[in-house]
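Here is the structure we will look at.
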Amino acid sequence: MGYIRLLRRRPVRVLWLSMTLSVVGDRLYAIATMWIVWESTHSTSLTGLVAVAESLPYVVLAGAREGVARFMRWRSLARVDAARALLALSVPLLWTPDGRGLALLLGLVLTLGALGAVFDPNLGALIPQLAACEGVVDLHEVAGLFDLTARIAAVAGQGGVGVVLLLVPEVQLYAIDGLTFAVSAAALAWLGRYAALGAGCAPSPCAPAARRVLRAHRPVVAAVAVSGVAQFAAAVPTVGLPPLIAVRLGQGAAGYGLTLAATAAGALVGNLLTPGLPAGRRWLGTYCGAWVLAGVALAGLGLATTLTMAVALCVAGGLLFPVTAVTLRARLSRFAPAERVALLTAHQSVTRAAGAAGLLLLPYAVDAAPGGSFVGAGLLLSVLAAAGWWFGRRPAGRAVPAGDGSGAAEHGLAG
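Last residue of the sequence shown? That's 572 in this note's numbering, and every number before it is there in order.
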């Protein structure tokens, strides 16, 4: 398998293992935050507000592309993760179950969100650079390998949190997350020393305007827009799956957990199929086609009459999520590092803003009609994904050589 070949390279293995551990820790942190806010306030609106607050820094920092790009160094990212480790480790020491404690959590969420908004696009730009320096040339394998971290985290984070909470209080999940950040910081610092020994492995921190690059690449514009629609629609299953399982299907917490596990398992299997995805000119068709089918699966959940049907549709949806993620990352890898970090920053800003808008607006639709909201969100996603494919096929006004695929070997691999 291609993943095994990649992991035989020590720098790739070190980064992948540390990122996997860090993402699992992030899942524990997210679960702890939502649960602690709910337990302290019994307010779904405040719980949702905290979830939205995490996305605000990603949107605000979208315009600070030059400031974000200054961190496009392994050692800079190591310092960011060291700061995140200190913040997370301080929570168990400072937490109190009152207004002061909630203010502390809100400040933590905003600060970690700001650090994440700096960290994520730069890591996405540096991974291809590392792979290129290691002589790796397969776009989809590298993208799929690092997409696998999210799939493992979905299984280990959601499945393991119950066991962890039998051993430690909820607030101690922040300490675990802090330790994972510390491990990540150490790995990134080592990679900084490793990269310093290699020639040509340090990309320029000067990022061009994402708007300029997007203007010349209509398919990427279409893909980013469809990503935003998908994140907007994802608010429906996020808040609507529990009432759908309980009201329409008459199931309890076990049924809800089964659907979550089915989605995670489907995504894990789907990731293993991504190295064989079409590339080149057909990438947008693959990307938008997967979202069209994901919309159909989402609409089908609103019409499901049995738990078996719901589980099957969750597996189908899960299979498609890695297809979209890996296809887009592999395409963005064809841009030069400076352009790539600008595009990744724009992409995360669009998806975070759309996801926050969905969490603010769509719960009202779910309350009014749980099943109908799934059908509506699924149809919206399918129709607009098909429209994105049509829009992206139209020729752009001009081309930028760095994104035409010819620079893949020179500039690196999947972000």
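Even for Gly, the Cβ is constructed at its ideal location relative to N, Cα and C. The structure presented is a predicted model; accordingly, all values stated were derived computationally and were not measured.
Assuming Ser-179 and Phe-303 are in contact, meaning their beta carbons sit under 8 Å apart, how far apart are those beta carbons, in whole angstroms?
Wrong, their Cβ atoms sit about 12 Å apart, outside the cutoff.
What residues in its chain sit with their C-beta under 6 Å from that of Ala-271, if we drop five residues either side in the sequence?
Contacts found: Pro-214.
Enclosing alpha helix (DSSP H) for Ile-284 [first to last residue]
That run of the alpha helix (DSSP H) goes 256–290.
Rank Val-386, Val-480 and Ala-467 by C-alpha distance to the C-alpha of Ala-418 and give the top, closest one.
Taking Ala-418 as reference, the option from Val-386, Val-480 and Ala-467 with the minimal CA-CA separation is Ala-467.
Exposed or buried, what is Gly-535 when buried is set at 16 or more other beta-carbons lying within 10 Å of its beta-carbon?
By the 10 Å Cβ count, Gly-535 comes out buried.
Relative to the alpha-carbon of Gly-457, which residue among Ala-392, Ala-469 and Ala-447 has its alpha-carbon at the smallest distance?
The candidate whose alpha carbon is nearest that of Gly-457 is Ala-469.
CB-CB length for Pro-479 against Gly-533, believed under 8 Å:
The Cβ separation is near 25 Å, so there is no contact.
How would you call Trp-231, buried or exposed, if buried means at least 16 neighbouring beta carbons within 10 angstroms?
Classification of Trp-231: buried, given that the 10 Å Cβ count is 16 or more.
8 Å contact criterion, which Cys-445 and Ala-542 should meet: CB distance rounded
That pair is a contact at about 5 Å.
Is the beta carbon of Leu-455 less than 8 Å from the beta carbon of Leu-538?
Yes, Cβ-Cβ distance for Leu-455 and Leu-538 is below 8 Å.
For Ser-563, which of helix, strand or coil comes out of DSSP?
For Ser-563, the predicted model reports a pLDDT of 33, less than 50, meaning its position is unreliable and no value from the coordinates is stated.
Just the Cα atoms here: how many angstroms apart are Val-266 and Val-207?
Rounded to whole angstroms, Val-266 to Val-207 spans 7 Å at the Cα level.
Give the straight-line distance between the Cα atoms of Ala-556 and Pro-249, rounded to the nearest whole angstrom.
Reliability fails at Ala-556, whose pLDDT of 44 lies under 50, so the model's placement of it is uncertain and the value that follows must be treated cautiously. Each residue's alpha carbon lies about 52 Å from the other.
Which of helix, strand or coil DSSP assigns to Arg-369:
Shown here, Arg-369 sits in a helix according to DSSP, grouped into three states.
For Arg-165, name the three-state secondary structure that DSSP assigns.
Arg-165 falls in the coil class under three-state DSSP.
Just to confirm before moving on: does the CB-CB distance between Ala-274 and Val-370 stay below 8 Å?
In this structure, Val-370 does not lie closer than 8 Å to Ala-274 by Cβ.
Determine contact between the region 387–394 and the region 507–516, defined as no fewer than three beta-carbon pairs at a distance below 8 Å.
Taking 8 Å as the limit for Cβ pairs, the verdict is that the region 507–516 does touch the region 387–394.
Give a yes or no on whether the C-beta atoms belonging to Ala-345 and Asp-238 are separated by under 8 Å.
A quick correction: the sequence has Leu, not Ala, at residue 345. The answer is yes: Cβ separation under 8 Å.
Nearest candidate by alpha-carbon position, reference Leu-218, set Val-507, Thr-465, Tyr-351 and Val-299
Of the residues Val-507, Thr-465, Tyr-351 and Val-299, the one whose Cα lies closest to the Cα of Leu-218 is Val-507.
Return helix, strand or coil for Asp-295, following the three-state DSSP convention.
Three-state DSSP puts Asp-295 in coil, outside helix and strand.
Secondary structure of Ala-469, DSSP reduced to three states:
In the structure shown, Ala-469 sits in a helix (DSSP, three-state: H, G or I).
Rounded to whole angstroms, what's the CA-CA distance from Ser-197 to Pro-168? Just pull it up for me.
Near 43 Å, if we compare the C-alpha coordinates of Pro-168 and Ser-197.
Does any heavy atom of the ligand NAP sit closer than 7 Å to the C-beta of Gly-459?
Of the ligands one can find in the structure shown there are none, so the ligand NAP has no counterpart to examine.
Tell me which residues share the same chain as Ser-384 and place their Cβ nearer than 6 Å to its Cβ, disregarding the 5 neighbours each side in the sequence.
Counting only Cβ-Cβ distances below 6 Å, and skipping sequence neighbours, we find Thr-508.
Where does Pro-411 land, buried or exposed, given buried means 16+ other C-beta within 10 angstroms?
First, the amino acid is wrong: residue 411 is Ala here, not Pro. Exposed, by the Cβ-count rule.
Local conformation of His-374 per DSSP, three classes
Residue state, collapsed to three classes: coil.
Element boundaries [alpha helix (DSSP H), containing Ser-618]:
Nothing can be reported for residue 618, as the shown portion of the chain is limited to 158 through 572.
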